[in-house]
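Going by my numbering, the residue at position 51 of the sequence shown is 69; the numbering climbs one at a time, nothing skipped. The beta-carbon is built from N, C-alpha and C at its ideal position, and this holds for glycine as well. What follows is a single structure, written as structure tokens, with notes after it.
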Amino acid sequence: MDLLNNSSTKWNLILYEQDWMNHETIDFISLRENFNLGRQYLIEMGHAANIFDVNIQYCMSLPPFKGIFWSTEIQNDAPYKSKVIEPLPDREILIATLSKGPIAATGDGINYINRERIMRCCREDGLILKPSRPLTMIDLLISDWAKNKGINQSSLLDLSHEIYYLVF
């Protein structure tokens with residue numbers, strides 16, 4: 019609360035950005051071991067922000083959204099390395115759509131945008147088709163983390179060494 023109090027009075031702070039929440043959830047073992055700690059953390063942060071009339075913007079929280087993706091398999095002129103491949107662009111678009119996050123194929127290089135593939139997630143007028151609730155981790159994975167001190171002990175499905183954690 020001291021941070022928000024000092025910042026809001028001295029800097030006229032109106033928005034606090036709580037970034038890298040995905041790392042807090044994944045890397046801060048206590049949040050994975052205690053079902054109530056994450057909720058308590060967010061409630062207390064919200065309470066302090068409310069007291070000092072500061073808005074909070076949560077960034078990179080779980081479930082993750084897939085905001086930037088490639089709509090084509092091969093990006094020959096990509097600056098990352100000589101041959102870059104996106105093996106499953108349809109999956110990337112599906113995850114971006116089901117996450118309810120922003121949809122942006124800005125990862126595509128010039129002349130590599132696959133319009134037909136991108137338009138599978140939106141109407142012709144550009145309205146993004148989204149589910150009523152975002153794709154989330156299922157309770158079995160979360161409880162597995164908590165019961166085993168943040169270490170995943172099992173997979174949901176293991177077929178020929180391919181492990182699937184998400185079921186659509």
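Original post:
Nearest CA to the CA of L33: which residue from C139, A67, S48?
Top reply: A67
**OP:** Apply the 10 Å Cβ neighbour rule to P107 and answer buried if 16 or more other Cβ atoms are within range, or exposed otherwise.
**Re:** buried
Original post:
How big is the Cα-Cα spacing for V72 and N54?
Top reply: 24 Å
**OP:** Over the uninterrupted beta strand (DSSP E) stretch that includes Y59, give me the two end residues.
**Re:** That residue, Y59, is in no beta strand (DSSP E); its alpha helix (DSSP H) goes 55–69.
Original post:
When the Cα atoms are used, what is the spatial distance from K28 to M78?
Top reply: 27 Å
Original post:
Bridge partners of N263, per DSSP?
Top reply: Outside the shown range of the chain (19 to 186) lies residue 263, about which nothing can therefore be said.
Subject >> Distance between I44 and E35 (C-alpha atoms, nearest Å) >> reply: 19 Å
Subject >> DSSP bridge partner residues for N73 (one or two, in chain order) >> reply: L33
Original post:
Got a sec? Which residues, its chain only, sit under 6 Å from W38 by beta carbon, not counting five neighbours each side?
Top reply: M78
Subject >> Nearest-angstrom beta carbon gap, I111 and R135 [assumed within contact, 8 Å] >> reply: 6 Å
Original post:
So, K11 versus K148, is the Cβ gap smaller than 8 Å?
Top reply: This structure gives no information on residue 11, because the portion of the chain shown stretches from 19 to 186.
Original post:
Sorted by chain position, which residues of the same chain lie with C-beta nearer than 6 Å to D126's C-beta, five sequence neighbours on each side aside?
Top reply: Hits under 6 Å: W88, S89.
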